[in-house]
Structure formats: C-alpha cells, structure tokens
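K.L.:
What follows is a structure written as structure tokens; I'll ask about it next.
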Amino acid sequence: MTEESLTAEQIDEKMHDMKVVIDRLSWDEKRNQINPAKKEQLNVMRKEYEELKAKIEAMQK
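So the sequence shown is residues 3 to 63, counted in our numbering.
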C-alpha cells in the first residue's frame, strides 16, 4: 500500500466516524432538542467533514 492510499483510508475511516455523530446531532437539531454547545460542535464537524471530503476527492484525481 502506498502512503497516499493509507492516508485516504484513514481519512475515509475518520469521515465514517464523524458521519455517525453528525447524523445523531442533526436529528436533535431537526427536532429543536440540541443545546448551543452541541449545535456549535455540529457546525464545526460539518465543516471539517466537507474539508475531508474535498481532500479525498482531490486525492482521487
């Protein structure tokens, strides 16, 4: 395995873990059951997730 594919694999695993948390917090947000600190965490995680997604897409080109 090359270092690049290993890195992509690690990023993919991190994205999967993040998606679980994002989905759970999004459920709370949709039902107005999220506190301000968790809402901020959700926004930060969404941004980081999108950055990782862009990085993966760039690696695949």
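Note that the Cβ used here is the ideal one computed from N, Cα and C, for glycine as well.
So, under 8 Å CB-CB, ALA10 and MET61 are touching, yes? Tell me the CB distance rounded to an integer number of Å.
P.N.:
For this step, residue 10 is matched to residue 8 along the sequence shown. For this step, residue 61 is matched to residue 59 along the sequence shown. Right, their Cβ atoms sit about 5 Å apart.
K.L.:
Assuming MET17 and LYS55 form a contact by the criterion Cβ under 8 Å, report the distance between their Cβ atoms to the nearest whole angstrom.
P.N.:
In the sequence shown, counting from the first residue as 1, residue 17 sits at position 15. In the sequence shown, counting from the first residue as 1, residue 55 sits at position 53. Contact flag correct, Cβ pair sits at about 7 Å.
K.L.:
Kindly indicate the opening and closing residues of the alpha helix (DSSP H) around ASN37.
P.N.:
As a first step, residue 37 is located in the sequence shown; it is residue number 35 there, counting from the start. Element bounds for ASN37: n/a, residue is neither H nor E.
K.L.:
In the structure shown, what three-state DSSP assignment does LYS32 receive?
P.N.:
By 1-based counting over the sequence shown, the position of residue 32 is 30. Of the three classes helix, strand and coil, the one that applies to LYS32 here is helix, per DSSP.
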